[in-house]
Each structure stands twice: as structure tokens, then as C-alpha cells.
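> Residue numbers (the numbering used here), protein chains in the order written: chain Z, 69 to 301; chain L, 1170 to 1427. We put the beta carbon where it would ideally sit given N, CA and C, even for glycine. Got a structure for you, questions after.
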Amino acid sequence: MTALSVRNLAKTFTMHLRGGISLPVVENVTFDINAGECVVLGGPSGAGKSSILKMVYGNYGVDSGEVLIAHDGKMVDLASADPRTVLTLRRDAIGYVSQFLRTVPRVSALDVVAEPLVVRGTDKDEAQQKAGEMLSRLNLPERLWSLPPATFSGGEQQRVNIARGFITHHPVLLLDEPTASLDAANRAVVVGMIAQKKREGVAMLGIFHDEEVRAEVADRIVDVTGFAPKVAA
Amino acid sequence: MSDEPLLRVKNLTKYYGSRLGCADVNFELYPGEVLAIVGESGSGKTTLLNTLSANLEPSSGEALYRMRDESWRNIYELSEAERRFLTRTDWGFVHQNPADGLRMTVSAGANVGERLMAVGDRHYGKIRDTALDWLGRVEIAADRIDDQPRSFSGGMRQRLQIARNLVTGPRLVFMDEPTGGLDVSVQARLLDLLRQLVGELGLSAIVVTHDLAVARLLSHRMMVMKGGHVIEAGLTDRVLDDPREPYTQLLVSSILQV
């Protein structure tokens, strides 16, 4: 079953502050992802992997093409959807594990992780318990749970971020280098969590620079260099 | 989120004599939605906020509001009494300068209690209990209830103003640079508090700010204004991560990184 279908996406940035120059990034980006499958975007830095991920999540607008996401029994185009529909899709259908944690002042790590469940109506105690389970699994020392993550190390912040991204049950999950600043033991934990999501039928689209991790999680690699714009602007 | 908007704004235009305040503004606001209006000084964002909150009459256009009885009313055609009821109960307005939204020479408790009395609450003990509860929610110590806001710090005054506005359970809150004149550390605390209250209470809010970090943290959607016109609008992270208009690109690229 197709969970995410990307059709003919194209993106060009127009830099108005640089005399209006055009920077074509990608064109004809087309691929499908089935439920339970993890597809990894491949290609060197600057090929447009992050841009594709951001277009699929709606952080970047698209010049043309569609991002079809299964929701309520039909395929909904996120690329042309109004802001409310995008927010609904993000609540119910598509999740995103970003590379960096955007920290909110004063909010504890446990609440940062529990928040996605709380805003979806889960009881606060239950959400916190689940958040604790996620953080334990990722080996974040319990003494850090009550502290705001702003002062945590890069690896600790990333684990908080992963816990927050994995705690919900989105049928489609985007992964932007979730293992970048982790040690080998924690990378293995994340690989295990991705495998579990696959068994639960989650479709994943990710960027992984670590070759070992990529080899373990990827069912298929989509080479982004194939989407390079043909005509120079 | 509910499927029916709370507010529908159509072609709202405000001139001061021949000078343009804001022109042809159109949007809908849904329950639970926070809309940020950003732009530089003189872009028309405060004029728009004051017009939306019925403090100014528009030159043309309308703002339809879904009342508690589900009837749709153009707020500029309400009677004075109806409008007063709306602004005192169903709406809140958080001013940049707390002194504009508070009565500085009556106690903190009375500042909160006054809005309750405006909706017909008469039981003194109950009003005081509610005021105490709200002071707690905005993190003001209970033993300050009888002090006047004159003796409060800027951050405390702003939190008191927020409590005064939210105590009547409004459905729509207007905020004009709510973290404006505050220290960065105080701003962070206030932002976190606002974010939490807006989420818990399911409020709709329209927030005017020139601070894009405030917009990012608080709002779902944003509108960018320049010269009285809305030049770009959309999902907050789309506008901030992929700005299209030259002016929006300038705004986003002007943020200092720390």
C-alpha cells in the first residue's frame, strides 16, 4: 500500500537579496514509499536531499508537483494544501524528526518528549510515562529528564529529539539524519527503533550519512542526483 | 480544530484621511489557531490589529465574528453595548505596555476581579479565589494579590495583564508585541507561559510582533505586512524557512544568530 507518493516535484530558489538570481535545486522528483518501507535519499551534500524532505513536510513550498499522503482513506496533496490541512496532516499522518532540537525555554526534556502525545489528547501522566520509556531506551540519564534540554550536549539533545519524533504513531515519518551525533550504542538503539516502526507499517523517508546505519535501515535508496535540474538558469 | 471559523475578515481597509493604514486584508481565523502579523514599524500591523479589535472603524470591508450563540455578526455593526460586552468578555487585548491594559492604582486582585465583575460576578469571596487561581497560573505569588501593579516589575505587570484578559474565558485574544519591552530572560518565560496557556485553553489569537522568533514559537500561520498590504501569508514555518517575497527574505536574513 502506497503511504507517500511524490510526483514531479520541482524547486527553484529565487534570491532577491542577491540580485534576484535563481538557484534551481531539483526537478521531476518522483518516487513512492509503501507502508513498512524505509527509503533513503542518497547523493552528495548540496544535491537537494534536505530540500526534498522539507518539501514533503511543507516547510518549503514547491514550484510544481505533488506530495500525496494517505489520510482518511484517500491521498491528500500536501504541496497544494492550505495551512490548516497541512497542520492536520502533520498531526495525524506525517511526522518529522529534525536534525536539531528547537528548544523551548523552561520546558523539561520529559515534557518536550511527551508534548506530541499531549496535544493529541493523551492523558498527561500516560504521555509522560511513555516519554520516560522512550528516553530510557535511548539511554538518557534519568537525572536529566526534569531539565530543559537547552544545556544538553549535541548527542543528548538529539536523543530527546528522536524520542519526541518517535513517540507518536504517524503512518509516514521523515528522518533528517537522526543518528548524526550519536555514539555506536545509541545508533544501534535508533536502528532498532526504525526496524520496529517498519514492523508497525510506518513508511519512512530519511537522510543518513552514516553508511553503516544506511545499509541497515534502507530498503531502497533513491539517488537524488537523478533529479538535478537539466537546464542551468 | 473546529471546521467553522471564528472570524472572517473581508477586504478590510483603513485610511487615516488620505493616508493608508492597511488595505484589502482578507483571512479567516479558526478556533485554536494563532495568527502572527509581522512587519516593520509603519507597515500597518498595529492599525490592522486595532481595526480587528474594534478600537478603530475601518474605511471599508468587514469583520464577521461567530458569537457564542453561533450567529455571525459584523463587528462594526454591533451596538455599543454589544461591542462592549464582546471586548470585556469574549475577547482579550494584551497591550505592549501593561500600563495601557491595567489599572495601575488598584490592587492586582482587583485588576483581575474587575473583568469578572463586568460579566456579572458579584460574590466577593469567589472573585478573590478566582483571582488567586489566575495569579498562580501566571506565576505571581499569592501574597502580592493586594499590591498595586505600580510596584511590580515589567515582566510581572505583563503576566498580570494576561491574567486579567484570560480570566473571563475569552475565545479570541489580540496581542500587540506582548513581549516587547521586556528583558530576554523575562521574554522567554512569558513566551513559554503564553504558549502553554494558549494551548491549554484552545484560544484563538492574533499576535502582532516584529520578532520572528516569537512568531515561530507561538503561531501556526503568519502574515507579513509592508506598506499597509499583506505581501506574504502562510504556514509559519513555510514563510520563515522558504520566504518568497524580497521583503520577507530581508526580514528572515536579518535575524542575528546566537
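Verify the CB distance criterion: does L/R1390 have a CB-CB separation below 7 Å to chain Z?
Interface residue, yes.
> What does the Cβ neighbour count give for Z/G126, buried or exposed, with the cut at 16 atoms within 10 Å?
With 16 or more Cβ atoms within 10 Å of its Cβ, Z/G126 is classed as buried.
> Roughly how many angstroms lie between the CA atoms of Z/L146 and Z/F234, to the nearest whole one?
Those two C-alpha atoms are separated by around 21 Å.
> Quick check on the burial criterion: 16 or more other C-beta atoms within 10 angstroms. Buried or exposed for Z/I101?
buried
> Let me know the secondary structure DSSP gives L/G1294 once reduced to three states.
DSSP places L/G1294 in the helix class (H, G or I) of the three-state scheme.
> On the three-state DSSP scale, how would you describe Z/E105?
coil
> Below 7 Å on C-beta distance, what does Z/N229 contact in chain L?
When 7 Å is used as the limit between beta carbons, Z/N229 is near no residue of chain L, the shortest such separation being about 16 Å.
> Distance check for Z/Q226 and Z/E279, CA to CA, integer angstroms please.
Each residue's Cα considered, the two are about 19 Å apart.
> Am I right that L/G1213 and L/P1339 are in contact with their C-beta atoms under 8 Å? What's the rounded C-beta distance?
Not confirmed; about 25 Å, so no contact.
> Can you list, in chain order, the residues of its chain whose CB lies under 7 Å from that of L/K1183, leaving out five sequence neighbours each side?
Within the same chain, L/K1183 has close Cβ partners G1190, C1191, T1216, T1220, L1225, P1227, S1228.
> First and last residue of the alpha helix (DSSP H) that includes Z/K117?
For Z/K117, the uninterrupted alpha helix (DSSP H) segment begins and ends at 117–125.
> To which residues of the same chain is Z/F295 closer than 7 Å at the C-beta, ignoring the five residues directly before and after it?
V94, E95, N96, V97, G116
> Looking at the structure shown, is L/W1303 part of a helix, part of a strand, or coil, going by DSSP?
helix
> Start and end of the beta strand (DSSP E) containing Z/F220?
According to the DSSP assignment, Z/F220 belongs to no beta strand (DSSP E), since it is labelled neither H nor E.
> Leaving aside the five residues before and after L/G1371 along the sequence, list all residues of the same chain whose C-beta is less than 8 Å from its C-beta, in chain order.
P1200, G1201
> For L/Y1293, is the classification buried or exposed, using 16 other Cβ atoms within 10 angstroms of its Cβ as the cut-off for buried?
exposed
> Consult DSSP for Z/M69 and reduce its assignment to one of helix, strand or coil.
coil
> Leaving out five residues on either side along the sequence, give the residues of the same chain with a beta carbon under 6 Å from the beta carbon of L/G1349.
Cβ neighbours of L/G1349 beyond the five flanking positions: Q1265.
> Would DSSP call Z/L242 helix, strand or coil?
It is a strand residue.
> Looking at Z/V270: is its Cβ nearer than 7 Å to the Cβ of Z/L243?
no
> Is L/D1406 helix, strand or coil by DSSP?
helix
> Where Z/H277 and Z/D291 are concerned, what is the direct C-alpha to C-alpha distance, given to the nearest angstrom?
13 Å
> So which of L/I1400, L/L1363, L/E1369, L/K1395 has the shortest CA-CA distance to L/A1384?
L/L1363
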